[in-house]
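For reference, the structure discussed in these notes is given below.
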Amino acid sequence: MKRLIWACLFFPLFSFSQNSGKVIKISDGDTITILLKGNQQKKLRLAEVDCPEKGQPFGKNARQFTSDQVFGKTVNFVETNTDRYGRSIAKVYYDNGKYLSKELIKAGFGWWYFSYSKDATLGELQDRAQQKKVGLWQDTRAMAPWEYRKMKREESKNRKYEASQTKIKPKEAA
């Protein structure tokens, strides 16, 4: 019985794995690649933040901010989940404990990804950045990345539909 109680109490502590690695690539503001021991590479999607996409205003700025913060550095990370693309979702820490997602939000280069985060302090940081009009909040029409991706998916669906309609032509009467 004691073992069962011990396992129930301490199992949650082991459900996340903590690792470290050197950042070797920045795909965009919220996706990095690290080099682990043994020259194995791992792509990480940052937890709790969603940065503008490459085609969005401030997408390049978010990528540059992430690069300035962590490129070439050894970071610690805690994997929390896996996304639908197979990337590990992780909390990334650098420079003696700075939390990269928090720094992106604070600097105005990412949205608090509230659908996947329970940390309301990140929402407060986003509100402050928005009030101060820092980073992407300078743009009064800033669009959340999840809305941008949805819009792009719908545009793609519409193009495919329109293309299929031009291929189907009614037979002309003889």
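The numbering of the sequence shown is the UniProt record's numbering, which starts it at 1 and goes up by one. We put the beta carbon where it would ideally sit given N, CA and C, even for glycine.
Residue j beta carbon less than 7 Å from that of residue i
{"i": "Gly29", "j": "Thr82", "result": "no"}
{"i": "Lys91", "j": "Val78", "result": "yes"}
{"i": "Gly108", "j": "Trp137", "result": "yes"}
{"i": "Trp112", "j": "Ala144", "result": "no"}
{"i": "Val49", "j": "Leu125", "result": "no"}
Rounded straight-line distance, which links the Cα of residue j to that of residue i
{"i": "Pro57", "j": "Ile32", "result": "20 Å"}
{"i": "Gln40", "j": "Gly21", "result": "10 Å"}
{"i": "Arg128", "j": "Gln64", "result": "21 Å"}
{"i": "Ala7", "j": "Leu44", "result": "Low confidence applies to Ala7: its pLDDT is 41, below 50, so where it sits in the model is not reliable, and the reading given next is rough at best. Computed Cα separation, rounded: 29 Å."}
{"i": "Gly123", "j": "Arg149", "result": "21 Å"}
{"i": "Gln165", "j": "Ala62", "result": "39 Å"}
{"i": "Glu155", "j": "Ser101", "result": "30 Å"}
{"i": "Gln130", "j": "Lys106", "result": "9 Å"}
{"i": "Ile132", "j": "Ala120", "result": "As written in the sequence, residue 132 is Lys, which differs from the Ile given in the question. Taking the straight line joining both Cα atoms gives about 19 Å."}
{"i": "Pro52", "j": "Lys118", "result": "21 Å"}
{"i": "Ile34", "j": "Asn96", "result": "18 Å"}
{"i": "Ala142", "j": "Arg153", "result": "18 Å"}
{"i": "Asp139", "j": "Tyr116", "result": "25 Å"}
Candidates the options: closest to residue i by CA position
{"i": "Ile24", "options": "Lys73, Gln69, Val49 and Tyr94", "result": "Lys73"}
{"i": "Thr80", "options": "Met143, Lys152 and Asn19", "result": "Asn19"}
{"i": "Lys60", "options": "Lys152, Thr140, Ala47 and Gly135", "result": "Gly135"}
{"i": "Lys37", "options": "Leu46, Ala47, Asn76 and Ala62", "result": "Asn76"}
{"i": "Asp68", "options": "Lys118, Ala47 and Tyr94", "result": "Tyr94"}
{"i": "Met151", "options": "Trp137, Gln165 and Gly55", "result": "Gly55"}
{"i": "Tyr99", "options": "Arg141, Glu154 and Ala47", "result": "Ala47"}
{"i": "Lys42", "options": "Ile26, Gln165, Ser117 and Glu155", "result": "Ile26"}
Within-7 Å CB hit, residue i to chain D
{"i": "Gly59", "result": "Of the protein chains in this structure there is only one, and it is not chain D."}
Exercise. How do the stretch 84 to 102 and the stretch 155 to 164 stand: do at least 3 beta-carbon pairs fall below 8 Å, yes or no?
Worked result: no
For this session: Taking only runs that begin and end inside the UniProt domain "TNase-like" (17 to 139), name each unbroken alpha helix (DSSP H) of 4 or more residues, in chain order.
Result: Listed in chain order, the complete alpha helix (DSSP H) runs (minimum 4 residues) inside the UniProt domain "TNase-like" (17 to 139) are 59 to 70, 100 to 106 and 120 to 132.
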